[in-house]
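Top to bottom, those sequences are chains A and B. Counting from 1, position 290 in the first sequence corresponds to residue 290 in our numbering; the numbering is continuous, with no gaps. Counting from 1, position 258 in the second sequence corresponds to residue 599 in our numbering; the numbering is continuous, with no gaps. Cβ coordinates follow ideal geometry from the N, Cα and C atoms, glycine included. Treat the numbers as computed from the prediction; the structure is a model and nothing was measured. Everything below concerns the one structure shown next.
Number of protein chains: 2
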Amino acid sequence: MASSIHDLARHLNISIGTVSRALNGRADVNADTRQRVLDAAKKLNYSPNQSGRSLRQGATHSIAFMLQPHPGDQQYGEPFFIPFLIGVQGRLAESGLDLTVVMGAPGDYQQERLRRVVETRRADAVLLAWTRRQDERIDYLTQVGFPFATLGRSRSGGKTYPSLDLDFEQAGSDAVDRLVARGHRRIAAIRPSLNLNFSHLFLDGYRKALKRHGIEVDPALIADGFINEAGGYQVTPRVMLAKDRPTAIIFNNDAMALGGCKALAEMGIRPGHDIAVTVIVDTPLCRYFSPALTAFRPALEPMGRRLAEMLLASLPAFAGPEGPRIIHEVWPLELVARDSD
Amino acid sequence: MASSIHDLARHLNISIGTVSRALNGRADVNADTRQRVLDAAKKLNYSPNQSGRSLRQGATHSIAFMLQPHPGDQQYGEPFFIPFLIGVQGRLAESGLDLTVVMGAPGDYQQERLRRVVETRRADAVLLAWTRRQDERIDYLTQVGFPFATLGRSRSGGKTYPSLDLDFEQAGSDAVDRLVARGHRRIAAIRPSLNLNFSHLFLDGYRKALKRHGIEVDPALIADGFINEAGGYQVTPRVMLAKDRPTAIIFNNDAMALGGCKALAEMGIRPGHDIAVTVIVDTPLCRYFSPALTAFRPALEPMGRRLAEMLLASLPAFAGPEGPRIIHEVWPLELVARDSD
DNA sequence: TGTGTTGTCGTAAACGTTTACGGAAAAACG
DNA sequence: CGTTTTTCCGTAAACGTTTACGACAACACA
Chain A
1 MASSIHDLAR HLNISIGTVS RALNGRADVN ADTRQRVLDA AKKLNYSPNQ
51 SGRSLRQGAT HSIAFMLQPH PGDQQYGEPF FIPFLIGVQG RLAESGLDLT
101 VVMGAPGDYQ QERLRRVVET RRADAVLLAW TRRQDERIDY LTQVGFPFAT
151 LGRSRSGGKT YPSLDLDFEQ AGSDAVDRLV ARGHRRIAAI RPSLNLNFSH
201 LFLDGYRKAL KRHGIEVDPA LIADGFINEA GGYQVTPRVM LAKDRPTAII
251 FNNDAMALGG CKALAEMGIR PGHDIAVTVI VDTPLCRYFS PALTAFRPAL
301 EPMGRRLAEM LLASLPAFAG PEGPRIIHEV WPLELVARDS D
Chain B
342 MASSIHDLAR HLNISIGTVS RALNGRADVN ADTRQRVLDA AKKLNYSPNQ
392 SGRSLRQGAT HSIAFMLQPH PGDQQYGEPF FIPFLIGVQG RLAESGLDLT
442 VVMGAPGDYQ QERLRRVVET RRADAVLLAW TRRQDERIDY LTQVGFPFAT
492 LGRSRSGGKT YPSLDLDFEQ AGSDAVDRLV ARGHRRIAAI RPSLNLNFSH
542 LFLDGYRKAL KRHGIEVDPA LIADGFINEA GGYQVTPRVM LAKDRPTAII
592 FNNDAMALGG CKALAEMGIR PGHDIAVTVI VDTPLCRYFS PALTAFRPAL
642 EPMGRRLAEM LLASLPAFAG PEGPRIIHEV WPLELVARDS D
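Following this line, the structure appears as structure tokens:
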């Protein structure tokens, strides 16, 4: 059915070794025969069998991205990841690598599926997202010595792997600064209840900024919830019922913001009028919500490209002449002022 | 580094053939040695090299899902697909198959990437979504004889592949029925401008229902736009400026509905008060929007399971004793009445 | 005891590549 | 013209599996 390198060789009456060398652009093959091989390959619609290549080379030429569900949640934060993955994919393609995203059912925090990818050697490296403070996936990968890079920082595994993160601390701080400058002093923060690292960073920035402005941090204005619409909906009333009602809310997640605004609407509180609403990671949702939500926007696609780049730079097979490098970067979020604050 | 079947054999002092047979549960191996092999496999943390297996068996044990971007759009309709893919993944795992979703940058309608998956034999079969009326991907796959199944129908390729679709025609019709029953006669329809099959089906249902009620179809009330928030935002004013202003709008997509509601808000028109809004495919967005949007909800995860099931049933290697079967199914959408109409 | 059957296992080929090695011919050099 | 170098190509092994085939022992049966 599909033509193999043997078919090409037979067709051209040369050896398979020569065919392979011609195809792979090696130097020791006559320019003429190389051309004939390439022509024949096109004519016979040849393309190399990945299993064969992988087996021989010990490399699959593909990078796995673990799409990470949260326990009890159907949410994967897709509006966030898709542009990011487009960037990753673009950069990988330039180096002849495929991106395959492996999915799991929610609930197992992916550990099992990660093992499976690693152990059956389905990918040459893996990309992790939504890192936690203590992240067992990172522990596992460093322990078995499997190459990886992360979107987001973690305390696990030391500084032995490339990582790219957004500056959630700065964003949290900037959000507070902006609200304070606009006269707010009662500012609530709503964030995911999971041990996600960015959630901690956000809260750190929030706290520090408040202190800087001489505003005491009121625990009644900080709430955790599921990282989805339901979570925001459920938790927002809690901060609104605080003794001294907040005049502003910062949501650490767009889905939570949507749910939260729903809750506010039911209480007759209008974002942009009766309360200021800021969300930390911008998505199309924020822009088209009414009122449009002021949000902090990441450069997702460039981030994807860059993290892929950084991952490659850490792999001996793809690193430049100076050898593999472990790079860490933290990218800023850009404020997009809209109508909700 | 990673242990191979040879390591196991050496460690147990038996041949690799026996080890392989033991691992694969074949009959002709002593129960005792089988147990020893399994124990050793666990102890040495053995798991088979996929490339080796694939090469020998001519099967990769993985199914590819093409995540299909739209030209000029970063939207993949993810909130829709993720639960669906969870279902697919769950069913495939039961048969020892992996699901890998392959992504492409927007703009090429995936034809190139599809070729790549097929030609390098990275998957045993592929799952297509967002089928078009004439779908070159389907043409290609049928032509080269690569197994696949589709979420959504198409006119391409005949009835030679399994397909599962939602009954968009019925939903379009039901939506109109409901609105007419509530006294509306000027009902607009907003749908994606691409040649997506479900978009045609929806409009068919919409048209037929109107005619059934003796209402003439007004082209000024039908608009196409990009299948994202921007598209809805851009196109909705168009139908609102029709001579005889519509009192209801049916959106064929949740993102378009969001953008459309934004446009309505800017015109001072409130869904649920000044206009009735219905959306055809329900997502969490619809539920948590204010007002909550009346929508038609698909059973995404069961659909995923079922389509995986149907794909497997069509593959000789996985079909039951009666041999491969090509199954077609159309599933209903369930009305979720909320506050927007 | 001879023959057939069954249970268990080893041998070796095969899947489609890549690549180290060596050899023959051509080219370059003295 | 002889020697060395270069250019090009074929040979064969290797990657980790699976599996057809045959071998051998144990056992059953006549």
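Review point. Is Q134 (chain A) buried or exposed, if buried means 16 or more other CB atoms sit within 10 Å of its CB?
Key: Here the question's residue 134 (chain A) lines up with position 134 in the first sequence. The residue is exposed, with fewer than 16 neighbouring Cβ atoms inside 10 Å.
**Study point:** Candidates B:T374, B:A598 and B:L582, of which the one nearest P560 (chain B) by Cα
**Key:** For the purposes of this step, residue 560 (chain B) is taken as residue 219 along the second sequence, with counting starting at 1. Ranking the options by Cα distance to P560 (chain B), first place goes to B:L582.
Review point. Using the rule of at least 16 other Cβ atoms within 10 Å of the residue's Cβ for burial, across every protein chain shown, is K262 (chain A) buried or exposed?
Key: Within the first sequence, residue 262 (chain A) is the residue found at index 262, counting from 1. So K262 (chain A) counts as buried.
Point to revise | the region 585 to 599 of chain B in contact with the region 612 to 622 of chain B per 3-pair CB rule at 8 angstroms | key: yes
Review point. Helix, strand or coil: how does DSSP classify I14 (chain A) here?
Key: In the first sequence, residue 14 (chain A) corresponds to position 14, counting from 1. Looking at I14 (chain A) - three-state DSSP - the assignment turns out to be coil, as it is neither helix nor strand.
Practice item. Answer with yes or no whether the minimum CB distance from K603 (chain B) to chain A is below 8 angstroms. Key: Position 262 of the second sequence, counted from the start, is the residue given in the question as residue 603 (chain B). Yes, K603 (chain B) lies at the interface with chain A (some Cβ there is under 8 angstroms from its Cβ).
**Study point:** R523 (chain B) classed as buried or exposed, judged by whether at least 16 other C-beta atoms fall within 10 angstroms
**Key:** For the purposes of this step, residue 523 (chain B) is taken as the residue at position 182 of the second sequence. Exposed: under 16 other Cβ atoms inside 10 Å.
Check your understanding: If you compare alpha carbons, which of A:E216, A:F318 and A:D174 is closest to I280 (chain A)?
Key -> As a first step, residue 280 (chain A) is located in the first sequence; it is residue number 280 there, counting from the start. Out of A:E216, A:F318 and A:D174, A:D174 has the C-alpha closest to the C-alpha of I280 (chain A).
**Study point:** Minimum Cβ-Cβ distance from G600 (chain B) to chain A less than 8 angstroms
**Key:** As a position in the second sequence, residue 600 (chain B) is number 259, starting the count at 1. At least one chain A Cβ lies under 8 angstroms of G600 (chain B).
Practice item. Identify, in the order they occur along the chain, each residue of the same chain with its Cβ nearer than 6 angstroms to the Cβ of R344 (chain A), setting aside the five sequence neighbours on each side. Key: Nothing about residue 344 (chain A) can be reported from this structure: the residues present for chain A run from 1 to 341 only.
Check your understanding: Should the region 464 to 474 of chain B be called in touch with the region 535 to 544 of chain B, which here means at least 3 C-beta pairs below 8 angstroms?
Key -> yes
Check your understanding: How many angstroms separate the CA atom of G87 (chain A) from the CA atom of F637 (chain B)?
Key -> Sequence index remark: in the first sequence, residue 87 (chain A) carries index 87 (1-based). Sequence index remark: in the second sequence, residue 637 (chain B) carries index 296 (1-based). G87 (chain A) and F637 (chain B): Cα-Cα distance of roughly 33 angstroms.
Practice item. Buried or exposed for E169 (chain A), please, with buried defined as at least 16 other CB atoms from any protein chain shown within 10 angstroms of its CB. Key: Along the first sequence, one-based indexing puts residue 169 (chain A) at 169. Per the 10 Å Cβ criterion, buried.
Check your understanding: Does the region 30 to 40 of chain A come within contact of the region 52 to 64 of chain A, defined as at least 3 CB pairs closer than 8 angstroms?
Key -> no
Point to revise | Exposure label - N390 (chain B); buried when at least 16 CB within 10 Å | key: Start at 1 with the first residue of the second sequence, and residue 390 (chain B) comes out as number 49. Under this definition N390 (chain B) is a buried residue.
Check your understanding: Who pairs with F592 (chain B) in a beta bridge, going by DSSP?
Key -> To locate residue 592 (chain B), count along the second sequence from 1; it is residue 251. F592 (chain B) pairs with B:I531 and B:V620.
Exercise for review: Quick one: list the residues of chain A neighbouring L626 (chain B), beta-carbon separation under 8 angstroms, in chain order.
Suggested key: In the second sequence, the residue the question calls residue 626 (chain B) occupies position 285. Result: E229, L258 and L285.
Practice item. Find the residues of chain A that neighbour Q451 (chain B), judging by a C-beta separation of less than 9 angstroms, and give them in chain order. Key: Your numbering for residue 451 (chain B) matches position 110 in the second sequence. Correct list: empty, because the minimum Cβ distance to chain A is about 12 angstroms.
Exercise for review: Give me the Cβ distance between S681 (chain B) and A633 (chain B), rounded to the nearest whole Å; I'm assuming they're in contact under 8 angstroms.
Suggested key: Here residue 681 (chain B) is taken as the residue at index 340 of the second sequence, counted from 1. Here residue 633 (chain B) is taken as the residue at index 292 of the second sequence, counted from 1. With a Cβ gap of about 7 angstroms, S681 (chain B) and A633 (chain B) count as contacting.
Check your understanding: Since L203 (chain A) and R191 (chain A) are thought to touch, with beta carbons under 8 angstroms apart, how far apart are those beta carbons, to the nearest angstrom?
Key -> Start at 1 with the first residue of the first sequence, and residue 203 (chain A) comes out as number 203. Start at 1 with the first residue of the first sequence, and residue 191 (chain A) comes out as number 191. Rounded, the Cβ-Cβ distance is 6 angstroms, consistent with contact.
Review point. Alpha carbon to alpha carbon, how far is Q484 (chain B) from Y46 (chain A)?
Key: Here residue 484 (chain B) corresponds to residue number 143 of the second sequence, with the count starting at 1. Here residue 46 (chain A) corresponds to residue number 46 of the first sequence, with the count starting at 1. Rounded to the nearest angstrom, the two C-alpha atoms are 16 angstroms apart.
Review point. Could you give the residue range of the alpha helix (DSSP H) that holds D224 (chain A)?
Key: As a first step, residue 224 (chain A) must be located in the first sequence, where it is residue number 224. Segment I222 to G225 is the beta strand (DSSP E) holding D224 (chain A); no alpha helix (DSSP H) there.
Review point. Between the C-alpha atoms of L315 (chain A) and F146 (chain A), what's the straight-line distance to the nearest angstrom?
Key: The residue you call residue 315 (chain A) lines up with position 315 of the first sequence. The residue you call residue 146 (chain A) lines up with position 146 of the first sequence. Looking at the two C-alpha atoms, the distance is approximately 11 angstroms.
**Study point:** Residues near L258 (chain A) in its chain [Cβ-Cβ closer than 8 angstroms; skip 5 each side]
**Key:** Counted from its first residue, the first sequence places residue 258 (chain A) at position 258. Here the set comprises E229, G232, L285 and F289.
Practice item. Identify the continuous beta strand (DSSP E) that holds I63 (chain A) and give its terminal residues. Key: Here residue 63 (chain A) is taken as the residue at index 63 of the first sequence, counted from 1. S62 to L67 is the extent of the beta strand (DSSP E) around I63 (chain A).
Check your understanding: Just reading off the alpha helix (DSSP H) that E229 (chain A) is part of, what are its end residues?
Key -> By 1-based counting over the first sequence, the position of residue 229 (chain A) is 229. From DSSP, the alpha helix (DSSP H) with E229 (chain A) extends over E229 to M240.
**Study point:** Continuous alpha helix (DSSP H) stretch holding H554 (chain B): start and end
**Key:** Here residue 554 (chain B) refers to the residue found at position 213 when the second sequence is read from its first residue. Segment: none, H554 (chain B) is in no alpha helix (DSSP H) and carries neither H nor E.
Practice item. Name the one or two DSSP bridge partners that L128 (chain A) has. Key: If you number the first sequence from 1, residue 128 (chain A) lands on position 128. In DSSP, L128 (chain A) forms a bridge with A:T150.
Check your understanding: Can you check whether the CB of L468 (chain B) is closer than 8 angstroms to the CB of L641 (chain B)?
Key -> Within the second sequence, the letter at position 300 stands for residue 641 (chain B). Within the second sequence, the letter at position 127 stands for residue 468 (chain B). No, Cβ-Cβ distance for L641 (chain B) and L468 (chain B) is not below 8 angstroms.
Practice item. Could you tell me whether any Cβ in chain B is nearer than 8 angstroms to the Cβ of Q143 (chain A)? Key: Mapped onto the first sequence, residue 143 (chain A) falls at position 143. No, Q143 (chain A) does not count as interfacial toward chain B.
Check your understanding: How would you write the range of the beta strand (DSSP E) that D439 (chain B) sits in, first residue to last?
Key -> To locate residue 439 (chain B), count along the second sequence from 1; it is residue 98. Per DSSP, D439 (chain B) belongs to the beta strand (DSSP E) from D439 to M444.
Exercise for review: Name, please, each residue of chain B whose Cβ falls closer than 7 angstroms to the Cβ of P48 (chain A).
Suggested key: The residue you call residue 48 (chain A) lines up with position 48 of the first sequence. The answer, in chain order, is T461.
Practice item. Rank A:L12, A:F65 and A:I5 by C-alpha distance to the C-alpha of F148 (chain A) and give the top, closest one. Key: The residue given as residue 148 (chain A) occupies position 148 in the first sequence. Closest option to F148 (chain A), Cα to Cα, is A:F65.
Exercise for review: Identify each residue in the region 537 to 548 of chain B for which the Cβ-Cβ distance to at least one residue of chain A is less than 8 angstroms, and report them in chain order.
Suggested key: none
Exercise for review: Select from the region 152 to 164 of chain A all residues with a C-beta closer than 9 angstroms to any C-beta belonging to chain B, and list them in chain order.
Suggested key: Cβ contacts with chain B come from no residue of the region 152 to 164 of chain A.
**Study point:** Helix, strand or coil at V330 (chain A) [DSSP, three-state]
**Key:** Here the question's residue 330 (chain A) lines up with position 330 in the first sequence. V330 (chain A) falls in the strand class under three-state DSSP.
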